[in-house]
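A.B. asks:
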Amino acid sequence: MMPLVLERVSKARGRGSRAARVLHEVSLSVAAGEIVLVEGPSGAGKTTLLAVAGGLLTPEEGRVFLGGRELHVEARALDRRHRARAVGFVFQRANLLPRLTVRENILLMGAIAGLRSEDVAREADDLLAGLGLTALRDRHPHELSAGEEQRVAVVRAMVHRPSVVLADEPTGSLDRAAGQRVAESLAELARSRDSAVIVATHDVRIASLASRLVQIEDGRISQ
Amino acid sequence: MAACSTLVITIASAYRNVRLALSDYAGQPAVDLWIAPAGADNLIRGSFVSFVPLSDASAIRALPGVARADPVQEAFLPVQQLGSRDPGKRLTLLTIGYRLPDGLGGAPAYVEGRAPRANDEIALDRAAAFRLKVRVGDTVDFNGYPALVAGLTSGTNILATQFVFADFDAVSSGGEAVGDLPVRRLRGAAFVLVKVASGADRDVVIRSIEDRFPHLRAYTREQFTAANEREISAGFVPLLALATILAVGAAALLVGLLILSVVDERRGDIAVLLALGTPAAAVGRGVLVQAVALSLQGTGIGAFLSYGLYLALDAALPTIPLRMALGDVLATAALFTATGLAGAIVPVVKLNAVDPLEAFRS
Chain A
1 MMPLVLERVS
11 KARGRGSRAA
21 RVLHEVSLSV
31 AAGEIVLVEG
41 PSGAGKTTLL
51 AVAGGLLTPE
61 EGRVFLGGRE
71 LHVEARALDR
81 RHRARAVGFV
91 FQRANLLPRL
101 TVRENILLMG
111 AIAGLRSEDV
121 AREADDLLAG
131 LGLTALRDRH
141 PHELSAGEEQ
151 RVAVVRAMVH
161 RPSVVLADEP
171 TGSLDRAAGQ
181 RVAESLAELA
191 RSRDSAVIVA
201 THDVRIASLA
211 SRLVQIEDGR
221 ISQ
Chain B
1 MAACSTLVIT
11 IASAYRNVRL
21 ALSDYAGQPA
31 VDLWIAPAGA
41 DNLIRGSFVS
51 FVPLSDASAI
61 RALPGVARAD
71 PVQEAFLPVQ
81 QLGSRDPGKR
91 LTLLTIGYRL
101 PDGLGGAPAY
111 VEGRAPRAND
121 EIALDRAAAF
131 RLKVRVGDTV
141 DFNGYPALVA
151 GLTSGTNILA
161 TQFVFADFDA
171 VSSGGEAVGD
181 LPVRRLRGAA
191 FVLVKVASGA
201 DRDVVIRSIE
211 DRFPHLRAYT
221 REQFTAANER
231 EISAGFVPLL
241 ALATILAVGA
251 AALLVGLLIL
261 SVVDERRGDI
271 AVLLALGTPA
281 AAVGRGVLVQ
291 AVALSLQGTG
301 IGAFLSYGLY
311 LALDAALPTI
321 PLRMALGDVL
331 ATAALFTATG
341 LAGAIVPVVK
351 LNAVDPLEAF
361 RS
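Chains as they are written, first to last, in the working numbering: chain A, 1 to 223; chain B, 1 to 362.
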């Protein structure tokens, strides 16, 4: 079973005569443990692709299968619950909640996914230790460097063992070294957990970590 | 929020004090029945025009089942420092005249000194003594005559005025003649206070009094207390309600704006939570919890400030009497919690405008 399948998905922004197509009949499948790099210029539709794949946007046409389940055919609450368990997000900025510690930020994801707190805590500690971040666990985001924050965000995206991880420009606001470490962390955790990963990026420096490269331009992809 | 709840608790405490001051006096356990002319069922709307003839008081005393029947006089009389000619320093106080030394109708409690024993002695409410700058043992000008302040009473301050307790005849005899002007003398009693004999049926005594004296009404202690509370509520409750409405309105606006600013400030975090899969209802609940916490904190600080104000006023300015009650604080907390929830409605509605996709842009 492919963790993520998009079948002839189209998505427009705006309505009526002002509607503009952002995705044109996009089809894409990502296998477990596979890291797909989606590369393209600004406005090409990378973020929209991630949002549709993650169930945050409903396509006008086509079908989206996430973790073996088709989205947008059942009640929205069921979709939300399913995607909370099945998807992990990494944003361009870490977007950690500033009032929570590193560990609390990670545990929060487990709570959102509806997992047992003991299990999530154990997993969080293992992940932090694996990436050498244990010393930061009780710190608040403002006490971390941008690279550290983003690696914590990677742990947050992985802690509930999602079948799909969607990362939007995860190295976009980092320097080369920090970006490299974040990309390596993401790749290492995704492969060890068999998660399907889509990384939308401009950063071709991390292409070496990808299993596959996909180009997107004007909402159409070429593989 | 704290200032609003302080205002509400303080006004409620002032109202409680006035209500209890009247009911403490009207409800004193030594008195079973209050006999008054028809229509005069409380101390405020007392019988300043019509009176119970003193002969009726004697006749009531002779009825079967009556252990005691003492007349009580009620009048607004001037009190000032002895020798003072400054009308601005004269207080007009609600004067209760009763049969000294131990007739029914005396002060319910003393904080200092003792009850008056002779017709040239009085007992003053302690706030009145504070206003007059007199103490126990001082002599004051009471209705034109010198009188010794024998004691200071508590629970007898009804904010607009205070009580004075004096001899029945001294209160009835009117004031000092000014030139050739005639002095009004009170012929009769404002009320007759009855103690029912042990073993006698109170209802039977009431019927016998009202049958024998059709121009009089006999009220049980409970009825008379309730009538006094009703009378004071009629004047006070609209003020309390107005202040509460204004305070609640201000608090709701404050909570609303505060929570709205928090929602705006944390819009990015909210978008992230929604993108990660948090139900919008859970985020809304979080906002409501924050509003309630804010309201309870405000009420807690308000209660603390009110208590401080109560202690300060009691020590330094007893003319403004407060009686704080836990019930008032809890009611205020409940009211302000509801206010906080109401104030959070707009911010919660505004949450719907937060798009989870903002997490990608922030």
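We put the beta carbon where it would ideally sit given N, CA and C, even for glycine.
(1) Among A:168, A:160, A:27 and A:164, which one has its Cα closest to the Cα of residue 150 of chain A?
(2) Measure from the C-beta of residue 272 of chain B to each C-beta in chain A and report whether the shortest distance is under 9 Å.
(3) Which of the three DSSP states, helix, strand or coil, is assigned to residue 195 of chain B?
(4) Identify which residue in B:155, B:245 and B:30 has its Cα closest to the Cα of residue 14 of chain B.
(5) Which residues does DSSP list as the beta-bridge partners of residue 146 of chain B?
(6) For residue 218 of chain A, would you say it is in contact with chain B, using Cβ-to-Cβ distances shorter than 9 Å as the test?
(7) Look up residue 74 of chain A in the DSSP assignment and say whether it is helix, strand or coil.
(8) By Cβ distance, which residues of its chain are closer than 6 Å to residue 189 of chain A, with the 5 residues on each side in sequence left out?
(9) Please confirm whether any heavy atom of the ligand ATP lies closer than 8 Å to the CB of residue 20 of chain B.
(10) So which residues of chain B does residue 91 of chain A contact, with C-beta pairs closer than 7 Å?
(11) With 16 other CB atoms within 10 Å as the buried threshold, where does residue 105 of chain A fall?
(12) Is residue 108 of chain A closer than 9 Å to residue 115 of chain A when the C-beta atoms are compared?
(13) According to DSSP, is residue 134 of chain B helix, strand or coil?
(14) Compare the C-alpha of residue 203 of chain B against each of B:9, B:34, B:347 and B:18 and name the closest.
(15) State yes or no: is the C-beta of residue 191 of chain B within less than 9 Å of the C-beta of residue 38 of chain B?
(16) Could you give the distance in angstroms between the alpha-carbon of residue 98 of chain B and the alpha-carbon of residue 143 of chain B?
(17) Quick check: what's the CA-CA separation for residue 224 of chain A versus residue 253 of chain B?
(18) Quick one: using the 10 Å Cβ neighbour count with 16 as the cut-off for buried, is residue 172 of chain B buried or exposed?
(19) Cα separation between residue 307 of chain B and residue 324 of chain B?
(20) Between residue 98 of chain A and chain B, is there a C-beta pair that is closer than 9 Å?
(21) Just to confirm before moving on: does the CB-CB distance between residue 328 of chain B and residue 9 of chain B stay below 9 Å?
(22) If you draw a straight line from the C-alpha of residue 259 of chain A to the C-alpha of residue 119 of chain A, how long is it?
(23) Below 8 Å CB to CB, which residues in the same chain sit around residue 146 of chain B once its five sequence neighbours on both sides are set aside?
(24) Indicate whether at least one CB of chain B lies closer than 9 Å to the CB of residue 54 of chain A.
(25) For residue 160 of chain A, count neighbouring C-beta atoms within 10 Å of its own C-beta (all shown protein chains included) and say buried if the count is 16 or more, exposed if not.
(26) Whole beta strand (DSSP E) runs in the segment 202-271 of chain B with 3 or more residues, listed along the chain?
(27) On the three-state DSSP scale, how would you describe residue 302 of chain B?
(28) Would residue 171 of chain A pass as an interface residue toward chain B - the criterion being a Cβ-Cβ separation below 9 Å?
(29) Quick one, are the C-beta atoms of residue 280 of chain B and residue 357 of chain B less than 9 Å apart?
(30) From the DSSP output, which residues share a beta bridge with residue 23 of chain B?
(31) Could you spell out where the alpha helix (DSSP H) holding residue 350 of chain B opens and where it closes?
(32) What runs of the beta strand (DSSP E), each 3 residues or longer, lie entirely inside the segment 12-81 of chain A?
(33) For the beta strand (DSSP E) that contains residue 222 of chain A, what are its first and last residues?
(34) What are the boundary residues of the beta strand (DSSP E) that residue 33 of chain B is part of?
(35) Look up residue 153 of chain B in the DSSP assignment and give the residues it is bridged to.
(36) Quick one: using the 10 Å Cβ neighbour count with 16 as the cut-off for buried, is residue 89 of chain B buried or exposed?
C.D. replies: So, to answer that:
(1) Within the first sequence, residue 150 of chain A is the residue found at index 150, counting from 1. Checked all of A:168, A:160, A:27 and A:164; the closest Cα to residue 150 of chain A is A:168.
(2) On the second sequence, residue 272 of chain B is found 272 positions in, with the first residue counted as 1. Yes, residue 272 of chain B lies at the interface with chain A (some Cβ there is under 9 Å from its Cβ).
(3) Within the second sequence, residue 195 of chain B is the residue found at index 195, counting from 1. Strand.
(4) Walking along the second sequence from the start, residue 14 of chain B turns up at place 14. Of B:155, B:245 and B:30, the residue nearest in Cα terms is B:155.
(5) Residue mapping note: residue 146 of chain B aligns to position 146 of the second sequence, counting from 1. Answer by DSSP bridge pairing, in chain order: B:141.
(6) Here residue 218 of chain A refers to the residue found at position 218 when the first sequence is read from its first residue. Chain B, which has no Cβ nearer than 9 Å to the Cβ of residue 218 of chain A, makes this no.
(7) Along the first sequence, read from residue 1 onward, the residue named residue 74 of chain A stands at position 74. Correct three-state label for residue 74 of chain A: coil.
(8) For this step, residue 189 of chain A is matched to residue 189 along the first sequence. 158, listed in sequence order.
(9) As presented, the structure is devoid of all ligands, the ligand ATP included, so that no description of it is given.
(10) Within the first sequence, the letter at position 91 stands for residue 91 of chain A. The contacting residues are 359 and 360.
(11) Numbered from 1 along the first sequence, position 105 holds the residue referred to as residue 105 of chain A. By the neighbour-count rule (16 or more Cβ atoms within 10 Å), residue 105 of chain A is buried.
(12) If you number the first sequence from 1, residue 115 of chain A lands on position 115. If you number the first sequence from 1, residue 108 of chain A lands on position 108. Not a contact, by the Cβ cut-off of 9 Å.
(13) For the purposes of this step, residue 134 of chain B is taken as the residue at position 134 of the second sequence. If DSSP states are grouped into helix, strand and coil, residue 134 of chain B belongs with coil.
(14) By one-based count along the second sequence, residue 203 of chain B stands at place 203. With distances taken between Cα atoms, residue 203 of chain B lies closest to B:34.
(15) On the second sequence, residue 191 of chain B is found 191 positions in, with the first residue counted as 1. On the second sequence, residue 38 of chain B is found 38 positions in, with the first residue counted as 1. Cβ distance not < 9 Å, so residue 191 of chain B and residue 38 of chain B don't count as in contact.
(16) Reading the second sequence from its first residue, position 98 is the one you call residue 98 of chain B. Reading the second sequence from its first residue, position 143 is the one you call residue 143 of chain B. Taken atom to atom, the span from the alpha-carbon of residue 98 of chain B to that of residue 143 of chain B is near 16 Å.
(17) Because chain A here runs from 1 to 223, residue 224 of chain A falls outside it and cannot be looked at.
(18) Taking the second sequence and counting its residues from 1, the one referred to as residue 172 of chain B is at position 172. Result: buried.
(19) Locating residue 307 of chain B in the second sequence gives position 307, where the first residue counts as 1. Locating residue 324 of chain B in the second sequence gives position 324, where the first residue counts as 1. Answer to the nearest angstrom: the Cα atoms are 7 Å apart.
(20) As a first step, residue 98 of chain A must be located in the first sequence, where it is residue number 98. Yes, because at least one Cβ of chain B sits closer than 9 Å to the Cβ of residue 98 of chain A.
(21) To locate residue 328 of chain B, count along the second sequence from 1; it is residue 328. To locate residue 9 of chain B, count along the second sequence from 1; it is residue 9. A contact, by the Cβ cut-off of 9 Å.
(22) Nothing in the structure corresponds to residue 259 of chain A, since chain A is present only between 1 and 223.
(23) Start at 1 with the first residue of the second sequence, and residue 146 of chain B comes out as number 146. 82, 120, 139 and 140.
(24) Position 54 of the first sequence, counted from the start, is the residue given in the question as residue 54 of chain A. With 9 Å as the cut-off, residue 54 of chain A counts as an interface residue toward chain B.
(25) Taking the first residue of the first sequence as position 1, residue 160 of chain A is located at position 160. So residue 160 of chain A ends up on the buried side.
(26) For the segment 202-271 of chain B, whole beta strand (DSSP E) runs of length 3 or above, ordered along the chain, are 216-220.
(27) Within the second sequence, numbered from 1, the residue matching residue 302 of chain B stands at position 302. The answer is helix: DSSP assigns residue 302 of chain B an H, G or I state.
(28) Sequence index remark: in the first sequence, residue 171 of chain A carries index 171 (1-based). With respect to chain B, the C-beta atom of residue 171 of chain A has no partner C-beta closer than 9 Å.
(29) Locating residue 280 of chain B in the second sequence gives position 280, counting from the first residue. Locating residue 357 of chain B in the second sequence gives position 357, counting from the first residue. Residue 280 of chain B is not a Cβ neighbour of residue 357 of chain B, given a cutoff of 9 Å.
(30) For the purposes of this step, residue 23 of chain B is taken as residue 23 along the second sequence, with counting starting at 1. None; residue 23 of chain B has no bridge partner.
(31) If you number the second sequence from 1, residue 350 of chain B lands on position 350. Here the alpha helix (DSSP H) through residue 350 of chain B covers 345-351.
(32) 20-30, 35-39 and 61-66
(33) The sequence position of residue 222 of chain A within the first sequence is 222, counting from 1. Unbroken beta strand (DSSP E) run through residue 222 of chain A: 220-222.
(34) The sequence position of residue 33 of chain B within the second sequence is 33, counting from 1. Taken as a continuous stretch (DSSP letters only), the beta strand (DSSP E) holding residue 33 of chain B covers 33-37.
(35) Counted from its first residue, the second sequence places residue 153 of chain B at position 153. BP columns for residue 153 of chain B point to B:110 and B:125.
(36) As a working mapping, residue 89 of chain B is identified with position 89 in the second sequence. Label assigned to residue 89 of chain B: exposed.
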